[in-house]
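In the UniProt record's numbering, the protein residues as written are 1 to 320. Have a look at the structure below before the remarks.
Pasting the structure below:
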């Protein structure tokens, strides 16, 4: 009989049995081992008895108060750890061979209209799930830290993930001012916040993107006039309808300024304000990421020599 056939037909220890054995071997206490494995003592005891029956060896010496390893048990600890380590590496290796990358894009921007980034995304094998339109940058970073995504494009660097996530700059997205077409400032080619200070600004909750929020608020605090903020509606169409009726204004990424409505217009910010109010896009991966396909995808997205990218005078220093 071939070796493979022998392994298939033979009565071998199960992975669960080896895990249970190591838990007891490390704790030398069935109760604590059961708690560690999140199971009760009776099934744990059965797993150990089954393992001893398969191996035809006693692995533990038990008394009323003590549990200790036999010579066979001590020898098995080394072998079992090697087996489980190899199985763990097998799982990691299988993940590294996955062809489809799990990439998430922040809903803040429409990357199909950011031509340089869209061009690079098209080069990647990202399957059908590249877009996750209902996730904010903060939510995407949570997914990345939990290993449910491999790489995400976020607006600004997130906070609170410094020990888990690493960032590389991709591009800068310009912000436009969505404003009522009836407003006098709409006659200007470029508009400042001072020009529309008579209207409130639709603004979002900090939790959606703390870094971008703080970046903008830092500029707002230096303004020489009061800037009233009102909570933006959950539905962007509702927000734009209010703007068209002259109720407020909003700062929006240029790639999102595609909805046309009577009474609504979009204007560029003045050069000075556009340098202060913008969104830096980063490609984020886990800091311990070693898989070649994911690191290569990040390299593709972070090619800062793309001919179509416009890099402003104060782009992140590492990319100048």
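Where a beta carbon is used, it is the ideal one built from N, C-alpha and C, also for glycine.
field: Residues that DSSP places opposite residue 348 in a beta bridge
entry: Any question about residue 348 goes unanswered here, given that the chain covers just 1 to 320.
field: Which of helix, strand or coil DSSP assigns to residue 58
entry: Here residue 58 is taken as the residue at index 58 of the chain shown, counted from 1. In the structure shown, residue 58 sits in coil (DSSP, three-state: anything other than H, G, I, E or B).
query: Hey, residue 68 and residue 28 are a contact pair by Cβ (cut 8 Å); roughly how many whole angstroms apart?
result: As a working mapping, residue 68 is identified with position 68 in the chain shown. As a working mapping, residue 28 is identified with position 28 in the chain shown. That pair is a contact at about 7 Å.
message: Let's test the definition: count the other Cβ atoms within 10 Å of the Cβ of residue 233 and tell me whether it reaches 16, buried, or not, exposed.
response: Here the question's residue 233 lines up with position 233 in the chain shown. By the neighbour-count rule (16 or more Cβ atoms within 10 Å), residue 233 is not buried but exposed.
- prompt: What do you reckon, are the CB atoms on residue 210 and residue 138 nearer than 8 Å?
  reply: Position 210 of the chain shown holds residue 210. Position 138 of the chain shown holds residue 138. Result yes, Cβ atoms of residue 210 and residue 138 sit closer than 8 Å.
- prompt: If you follow the beta strand (DSSP E) that residue 103 is part of, which residue opens it and which one closes it?
  reply: For the purposes of this step, residue 103 is taken as residue 103 along the chain shown, with counting starting at 1. Taken as a continuous stretch (DSSP letters only), the beta strand (DSSP E) holding residue 103 covers 103–105.
field: As assigned by DSSP and simplified to three states, the class of residue 28
entry: Mapped onto the chain shown, residue 28 falls at position 28. The three-state reading of DSSP puts residue 28 in coil, since its state is none of H, G, I, E or B.
message: Classify residue 183: buried if its beta carbon has 16 or more other beta carbons within 10 angstroms, exposed otherwise.
response: Looking up residue 183 in the chain shown gives position 183. Label assigned to residue 183: buried.
- request: Look up residue 218 in the DSSP assignment and say whether it is helix, strand or coil.
  value: Within the chain shown, the letter at position 218 stands for residue 218. Helix.
message: My assumption, with CB atoms under 8 Å, is that residue 145 sits in contact with residue 170. Please give the rounded CB distance.
response: The residue given as residue 145 occupies position 145 in the chain shown. The residue given as residue 170 occupies position 170 in the chain shown. Taking C-beta atoms under 8 Å as the contact rule, residue 145 and residue 170 fail to qualify, at a distance of about 20 Å.
message: Suppose the cutoff is 6 Å on Cβ atoms and the five residues either side in sequence are ignored; what does the same chain contact list for residue 51 look like?
response: For the purposes of this step, residue 51 is identified with residue 51 of the chain shown, where counting begins at 1. Taken in chain order, the residues that qualify are 13, 17 and 21.
message: Quick check on residue 210 - is its C-beta less than 8 Å from some C-beta in chain C?
response: Included in the structure is just one protein chain, with no chain C present.
Residue span of the beta strand (DSSP E) that contains residue 68, given as start and end: One-based indexing of the chain shown puts residue 68 at position 68. 67–69 is the extent of the beta strand (DSSP E) around residue 68.
field: For residue 118, the first and last residue of its enclosing alpha helix (DSSP H)
entry: In the chain shown, the residue the question calls residue 118 occupies position 118. Unbroken alpha helix (DSSP H) run through residue 118: 115–121.
message: So for residue 173, helix, strand or coil by DSSP?
response: The residue labelled residue 173 in the question sits at position 173 within the chain shown. Residue 173 falls in the strand class under three-state DSSP.
C-alpha distance - residue 303 paired with residue 227, whole-angstrom precision: For the purposes of this step, residue 303 is identified with residue 303 of the chain shown, where counting begins at 1. For the purposes of this step, residue 227 is identified with residue 227 of the chain shown, where counting begins at 1. Residue 303 and residue 227 have their C-alpha atoms roughly 38 Å apart.
message: Output needed for residue 135: all residues of its chain with C-beta closer than 8 Å, excluding positions within five of it in sequence on either side, in chain order.
response: To locate residue 135, count along the chain shown from 1; it is residue 135. For residue 135, where only same-chain residues beyond five positions count, the Cβ hits under 8 Å are 104, 106, 107 and 143.
task: Would you identify the three-state DSSP class for residue 73, choosing helix, strand or coil?
output: In the chain shown, residue 73 corresponds to position 73, counting from 1. Reduced to three states, the DSSP call for residue 73 is helix.
field: N-terminal and C-terminal residue of the beta strand (DSSP E) that residue 294 is part of
entry: Residue mapping note: residue 294 aligns to position 294 of the chain shown, counting from 1. That residue, residue 294, is in no beta strand (DSSP E); its alpha helix (DSSP H) goes 292–301.
query: Contact check, residue 229 vs residue 251 under 8 Å by CB: the rounded distance?
result: For this step, residue 229 is matched to residue 229 along the chain shown. For this step, residue 251 is matched to residue 251 along the chain shown. About 11 Å separates the beta carbons of residue 229 and residue 251, which is beyond the 8 Å limit, so they are not a contact pair.
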